[in-house]
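Be aware that the sequence shown starts at 1, since it is given in the numbering used here, and climbs by one per residue.
For every residue, glycine included, the Cβ atom is placed at its ideal position computed from N, Cα and C.
Heads up, the thing below is written out as structure tokens.
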Amino acid sequence: MSSGQRIEVFIEAGSKRVFASALDWPGWARSGKTEDLAIATLDDYRSRYEQVIRRAGLEPPAGDLAVTERLAGVAKLADFGALSAAAPSEGKPITAAEGHRLAALLAAAWEELESAAATAPEVLPKGPRGGGRDRDPILEHVIDAEVMHAARLGIKLPKPAAAGNAALAGLRSAMLKALEAGIDGSASAWPPRYVVRRSGWHLLDHAWELQDKSG
């Protein structure tokens, strides 16, 4: 039964894989072989993402998923397992009020990853063809991505040496403070809303990977 509300979803379609992202809830993004499967998978992860929302001190949305935007053309990175581009609506500046909410969700995604890493074994199960990273290489990969995401917001800091150190905490703090102050995007290489959505997705994608492979 429909709740009468809606959660706005952005679709990025490659030639073999489609991503569906909840635009107002960074980190809640899933993929599938078709648009319908991507949306179904996104809905399947609703309860899992709600834990992140509550960790951020926010109330989960009760609405139905509704596609409101689609990326024009082919999403170049979708087939490689990544979000590709900003939605048209993500060009709007982030106000300070919005920034505090987005910062809370991003911080919760970091906490979810750290919690998953703390209980994950160093060596993780591999895929049927032997593919996949172990725990520490996943965390190193995430740090690389966070340095890139920070730079896209105009925050250029050296790459931290390891997960959990002071430099990494400083990088994340700088990103959160920038969001909480509000961002108009003038100093950003990517629309700030897209940076947050992509960063949140990447953090939770690997957090959930660690959780699933630790079970």
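Where does residue i fall in DSSP's three states?
| i | result |
| --- | --- |
| Ala120 | coil |
| Gly215 | coil |
| Gly99 | helix |
| Arg6 | strand |
| Met1 | Per-residue confidence for Met1 stands at a pLDDT of 32, beneath the threshold of 50, marking its modelled position as unreliable; the derived number appears in the next sentence. Reduced to three states, the DSSP call for Met1 is coil. |
| Lys156 | coil |
| Gly170 | helix |
| Arg133 | coil |
| Lys177 | helix |
| Trp217 | Residue numbering for the chain in the displayed model covers 1 to 215; residue 217 lies beyond these limits and cannot be assessed. |
| Pro88 | helix |
| Ala161 | coil |
By the DSSP assignment, the alpha helix (DSSP H) with residue i in it spans what residues?
| i | result |
| --- | --- |
| Ile94 | It is not in any alpha helix (DSSP H) - Ile94 carries neither H nor E in the DSSP assignment. |
| Ser47 | Arg46 to Arg55 |
Could you give the first and the last residue of the continuous beta strand (DSSP E) run that contains residue i?
| i | result |
| --- | --- |
| Gly21 | Here the sequence assigns Ser to residue 21, which means Gly is not the residue at that position. Segment Val18 to Ala22, the beta strand (DSSP E) holding Ser21. |
Which one or two residues does DSSP pair with residue i in a beta bridge?
| i | result |
| --- | --- |
| Ser31 | Phe19 |
| Ala13 | Val18 |
- prompt: Curious, which full-length alpha helix (DSSP H) runs of at least 4 residues does the stretch 181 to 213 contain?
  reply: none
- prompt: What residue ranges within the stretch 58 to 84 form continuous beta strand (DSSP E) runs of no fewer than 3 residues, ordered along the chain?
  reply: 64 to 70
message: Three Cβ pairs or more, each shorter than 8 Å: is that satisfied between the stretch 145 to 160 and the stretch 57 to 68?
response: no
query: How about the stretch 82 to 101 and the stretch 3 to 14: do they share at least three Cβ pairs that are nearer than 8 Å?
result: yes
query: Does the stretch 95 to 106 come close enough to the stretch 75 to 86 that 3 or more CB-CB pairs lie under 8 Å?
result: no
message: Within 8 Å, do at least three Cβ pairs link the stretch 114 to 130 to the stretch 40 to 53?
response: no
query: Would you call the stretch 132 to 143 and the stretch 198 to 214 in contact, with 3 or more CB pairs under 8 Å?
result: yes
- prompt: Between the stretch 100 to 118 and the stretch 24 to 42, do three or more beta carbon pairs fall short of 8 Å?
  reply: yes
message: Does the structure place the stretch 139 to 148 close enough to the stretch 197 to 208 that three or more beta carbon pairs sit under 8 Å?
response: yes
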